[in-house]
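In terms of the numbering used here, the sequence shown is residues 27 to 236. Built from N, CA and C at the ideal position, the CB exists for glycine as well. This structure is a prediction, so every number in the text was calculated from the model and none was measured.
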Amino acid sequence: MITTVLFDVDGTILDTESVIIKSLQQTLKETKNLTIPTHELEYVLGIPGKVALKKFTSSTSDLAYLHEFWAKKIKQFSDEVTVFAGVKKALKQLLQMKKTTGIITSKTTQQMEDEFDRFELNQYFNVFITASDTQRHKPDPEPMELALSELGIQPAEAIYVGDAVSDMDSAQNAGIKFAVANWGAKSHTEFAQADFILETPVDLINLLRK
């Protein structure tokens, strides 16, 4: 029986794709004089920012500078970020169903404070695992395993909802069933390996009621 629902943030709870890409394009233009088309930056979705930026620098200090610059750019566009339709209602229903919930994200703890807290959704979650909490990140199973440990549950009791192949790999490598959040996900042939496909947040509630 699934007692616990774990969520990704970007592309699953928050509609951030355009902001992430646009802010990175500006960061690279202003710091490296690089003009990168959108489709060449889609790889950054679902992975930690510093990992994404390693493609553009081999210097540790430059990486830190780029990451900070990018974070400031994201904050400039923060008003364009929204919660996906139906997500908040689904979170309320999960609370009513007495399901345990959590977040496992590639955002850092600081990024969560800057970009997530203002939506006032924290009350709906029992655990938060950020990129600041683990040595290894998605697609490695470490973030999932840490969440399981903190909640004191077995993998079979949980489902992870995300929008990226790295989300699926991380969850399934930890023995957790994976559900694609199709409302925010891009089409990937790899998603044929997903345990569930959710077209809307309502589908998640219906799945758990079966």
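For L92, which of helix, strand or coil comes out of DSSP? L92 falls in the helix class under three-state DSSP.
Are L40 and A116 closer than 8 Å when you measure CB to CB? no
Bridge partner(s) assigned by DSSP for L60: Answer is none; L60 lacks a bridge partner.
Residues bridged to Y186 [DSSP beta-bridge criterion]: L32, F204
Determine, using beta carbons only, whether V107 and T53 come nearer to each other than 8 Å. Contact: no.
Where are the alpha helix (DSSP H) runs, 4 residues long or more, that stay fully inside the region 83-167, in chain order? 86-102, 113-122, 135-141
Could you spell out where the alpha helix (DSSP H) holding L246 opens and where it closes? Lying outside 27 to 236, the shown extent of the chain, residue 246 is not represented and no answer is given.
Bounding residues of the beta strand (DSSP E) (the contiguous stretch that carries L79): No beta strand (DSSP E) holds L79; the alpha helix (DSSP H) holding it covers 75-79.
C-beta contact flag for F21 and L92 at 8 Å: This structure cannot speak to residue 21, because the chain is shown only from 27 to 236.
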